[in-house]
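Count the sequence shown with our numbering and you get residues 593 to 1176, in order. Cβ coordinates follow ideal geometry from the N, Cα and C atoms, glycine included. None of these values were measured; they are calculated from a predicted model. The next block holds one structure in the form of structure tokens; read it before the comments.
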Amino acid sequence: MVKLIKIMLDENLLAKDSISYLVRHRPNPLKVNFANLIEHKFIDVNIVEEFLAKKIREGTINLAHLEKIEGMNINKILHLVAKELKVKFVDLDDIELDMNLFAKTPYKQLLKYDVIPVEESDLSILIVFGDPLDMEAQDVMQRIFPRKPLDIAIARPRQIQEYLQRLEINESVKGLVNGIRDDLKDSSGGDERDRDESPAVLKLVNIILRKAITSYASDIHIEATEKNCIVRARIDGMLVQLFTFDKDIFFPLSSRIKLVSNLDIAEKRKPQDGRFSTEVAGNPYDFRVSTLPTLHGESIVMRILDKSKVMIRLQDSGMTKHNYDKFTESIEAPYGIVLVTGPTGSGKTTTLYGALNEIRDVRDKIITVEDPVEYQMGGIQQVHVKASVGLSFADALRSILRQDPDKIMIGEIRDQETLRIAIQAALTGHLVLSTLHTNDAISAVTRILDMGIESYLVSGALVAIQAQRLVRKLCSHCTVPDTLQEKVMREIEPYLPKDGRELKFFRGEGCKECGHSGYRGREMISEVLQISEEFSRLIASGGSKEEMTELAFKDGFVPMFSDGLIKALEGKSTVEEVYRVARL
């Protein structure tokens, strides 16, 4: 970066006064980088892009240097470089790799020369090069594929590294994949169930489960595409590709998973749901399996249910002390309804289980209604909703009220009927915990009213509402201080705590421990709205959302965005993550 800016100064593309301004900027000096130079209009973005493309063509810098440049559209620069060098630009995420080509190429050569064979046409073979000017790399690849000329392309350096890492995992299971093919040949013409007992298939399934679990994944996705079988895992809320196999591996793999989940192996035209349990690395896990027919085969999703997570303590969920104190005070109420809101995958069910652990008592009868029951808890009666046999949330809830419960947990309020019964239960002396899909805590009040529940019932039943999201936590091994852009600082300033603390922010550089993402694990950010007597009167009198918001802030309400910024200042996450999951 410093080298490039010095070259721009030498070539009179940048004035020295511009650098001086950033260094002397008060109260906080600004980083001397392209992002700040462009933001303060000391240099035109088009000039920077053309300058970088020219320096790559001259060999002054290489493509890898682009990843270290802040505030620039790297893809746009790569398009310019490709045009200058008369090669193609490829976004590897937009295409399917031909795994047959990968199988023909020694992995060590791919790694040594930073290349990836992409696809084969009738006329040529498209290959992505980390350095398109490396003639030795081109000669080696041409010798590997002597029958067709090479079609040279470039891609983002980080993408190339990520794909090479994935292919390395594929290299480790290449023997198993060949074993599956041999087993399929040996059992051709036999019963389909026999073919699924292939020892190689069993080993491959175990490797996939182990890899996902050791990567702290919450879900495993196995998908059939036009050319391949792709295995992905949801890690810290983001899908990450683990394996890519040839298409012929999908069918024995999917059949094996269906077999252990007690699903119909032959049924490929209808969605199916199943479940199985197994031990992975000595720990027991449940897997909830869903299959869905798609254009090229099926999509199989396995939700990983770690039985040890059921004992999560509320104080370990990542709540700030302010919100924890408010929420625990609310769930200790003798009766009323406490709601947890947020989108799918925001940890609502985990929070409810944590709350149940907090209030569980042998003197109380606690009953839950869930669809499905994710974790089994001792000392609690759990009901699995089954709409197919006429047991809906509302039906189960009516029956539960005749079971003399003290506390009730409803997995999700989906309709007015369930909501009305829950509120009636809360008004007749029961503590009810449940979830609702709204974006923030105050919106939950208006959503309940919009669902047709009378305002006087809502005002009497509601105790508290917690809205939450999950942000990715910074990796403890590669966290470094970060300087925010001036524009971002101006935007977040009203939401920063006014307690005089030093405003320090952090980012993850990326390392082997976190898979070069800069993040490892997730933590909750939340907002808790306690329903005070004054707030209750406002609901009963039909107050507007604006009036409710004003009163909430008067009562000390801390919005989720501010809660997220506190986590960023503590070095637990980044401002970028808070923006991703919560809005201003």
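Spatially closest choice to residue i from the options, by CA coordinates
i, options, result
"residue 694", "664, 755, 730", "755"
"residue 828", "1070, 1135, 1062", "1062"
"residue 1089", "1067, 1042, 1151", "1151"
"residue 1164", "721, 1112, 872, 1048", "1112"
"residue 883", "611, 760, 859", "859"
"residue 834", "790, 758, 894", "758"
"residue 1130", "843, 1032, 1052", "1052"
"residue 1060", "881, 938, 615", "938"
"residue 1212", "973, 651, 1175", "In the structure as shown, the chain starts at 593 and stops at 1176, and residue 1212 therefore has no counterpart that could be examined."
"residue 1047", "615, 1133, 687, 698", "1133"
"residue 707", "1042, 753, 1023", "753"
"residue 711", "687, 726, 722", "687"
"residue 909", "814, 760, 1065, 595", "1065"
"residue 720", "1076, 1093, 751, 984", "751"
"residue 1146", "1161, 1126, 1159, 1077", "1126"
"residue 1029", "1068, 936, 676", "936"
"residue 537", "605, 1050, 690, 595", "This structure does not reach residue 537, given that the chain is present from 593 up to 1176, and the question cannot be answered."
"residue 1108", "1149, 934, 832", "832"
Neighbourhood of residue i by C-beta distance below 7 Å, restricted to the same chain and skipping five residues each side
i, result
"residue 1181", "As displayed, the chain neither begins before 593 nor continues past 1176, which places residue 1181 out of reach and without an answer."
"residue 1155", "912, 915, 1117, 1118, 1119"
"residue 1080", "1167"
"residue 674", "680, 681, 746"
"residue 1160", "1097, 1166, 1167, 1170"
"residue 600", "606, 643"
"residue 771", "792"
Three-way DSSP call (helix, strand, coil) for residue i in this model
i, result
"residue 1118", "strand"
"residue 709", "strand"
"residue 1103", "coil"
"residue 856", "coil"
"residue 972", "coil"
"residue 691", "helix"
"residue 879", "strand"
"residue 818", "coil"
"residue 1001", "strand"
"residue 791", "helix"
"residue 927", "coil"
"residue 863", "coil"
"residue 983", "strand"
"residue 602", "helix"
"residue 914", "helix"
"residue 959", "strand"
"residue 1006", "coil"
"residue 1032", "coil"
"residue 731", "helix"
"residue 837", "strand"
"residue 1086", "helix"
"residue 1140", "helix"
Whether residue i touches residue j by CB criterion (8 Å)
i, j, result
"residue 927", "residue 1021", "yes"
"residue 746", "residue 655", "yes"
"residue 1026", "residue 1017", "no"
"residue 951", "residue 921", "no"
"residue 743", "residue 680", "yes"
"residue 762", "residue 836", "yes"
"residue 1114", "residue 1072", "no"
"residue 629", "residue 1078", "no"
"residue 932", "residue 1122", "no"
"residue 844", "residue 801", "no"
Sequence-distant residues of its chain with Cβ nearer than 8 Å to residue i (five each side left out)
i, result
"residue 906", "916, 919, 920, 943, 946, 947, 949, 950"
"residue 768", "792, 795, 796, 799"
"residue 989", "961, 1000, 1002, 1010, 1013, 1014, 1017"
"residue 666", "658, 659, 748"
"residue 954", "971"
"residue 1087", "1151, 1153, 1154, 1157, 1176"
"residue 1070", "1100, 1101, 1102, 1103, 1105, 1106, 1110"
6 Å Cβ shell around residue i - same chain, five flanking residues per side excluded
i, result
"residue 653", "647"
"residue 812", "804, 825, 894"
"residue 869", "878"
"residue 815", "822, 891"
Beta carbon proximity, residue i to chain E, threshold 8 Å
i, result
"residue 889", "This model lacks chain E altogether, as it is built from one protein chain only."
Three or more beta-carbon pairs under 8 Å between the stretch 727-734 and the stretch 802-817, yes or no? no
Does the count of Cβ pairs from the stretch 996-1007 and the stretch 951-960 closer than 8 Å reach three? yes
Cβ pair count under 8 Å reaching 3, the stretch 841-853 against the stretch 862-875: yes
Are the stretch 1128-1145 and the stretch 1037-1050 touching, with three or more C-beta to C-beta distances below 8 Å? yes
Within the chosen definition, does the stretch 630-642 reach the stretch 600-613 through at least 3 CB pairs nearer than 8 Å? yes
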